[in-house]
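Here's the structure we're looking at; comments come further down.
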Amino acid sequence: MAAKLKKGDKVVVLAGKDKGKEGTIASVDPKAGKAIVDGVNMAIRHTRQSQTAQGGRLPKALPIELSNLAYLDKNGKPTRVGFKVEDGKKVRVAKTTGDVIDA
1 MAAKLKKGDK
11 VVVLAGKDKG
21 KEGTIASVDP
31 KAGKAIVDGV
41 NMAIRHTRQS
51 QTAQGGRLPK
61 ALPIELSNLA
71 YLDKNGKPTR
81 VGFKVEDGKK
91 VRVAKTTGDV
101 IDA
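Take the sequence shown: its position 66, counting from 1, is numbered 66 in UniProt numbering, and each next residue is one higher.
Listed below in structure tokens is the structure:
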């Protein structure tokens, strides 16, 4: 199945402790149905100091369910993503405006 949300997409969180927060997708795990969004679903990880890295309490973004994310269209409103075939090529389309996402 084609990916409705991809790396680099601007999204808003629909549910959970970070509801309403916006961010950019850093990575997607399609098998697990999760994505890591910058600045969303943060947790503190305690790491030990090494020769190369400073230790301490470091914030880390944890994966969030794809179903709890909505794509932000050019107007900054959350929208669902659909697919349409244009010129023999399958492209993503914003459901609210009908605009092509992948230009």
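Just so it is clear, CB atoms sit at the ideal spot from N, CA and C, and this is done for glycine as well.
- Membership of residue 28 in the beta strand (DSSP E) is indicated by the continuous run 22-29.
- For the options 100, 12 and 75, the alpha carbon positioned closest to that of residue 89 is the one of 100.
- At least 8 Å separates the beta-carbon of residue 66 from that of residue 16.
- DSSP lists no beta-bridge partner residue for residue 7.
- Looking from the CA of residue 40, the closest CA among 83, 46, 14 and 53 belongs to 14.
- Residue 78 is bridged by DSSP to 72.
- For residue 47, the pairing in a beta bridge is given by DSSP as 56.
- Counting along the chain, no beta strand (DSSP E) covers residue 101, and no H or E run does either.
- The secondary-structure analysis by DSSP pairs residue 32 with nothing; it has no beta-bridge partner.
- For residue 94, the enclosing beta strand (DSSP E) stretches over residues 89-94.
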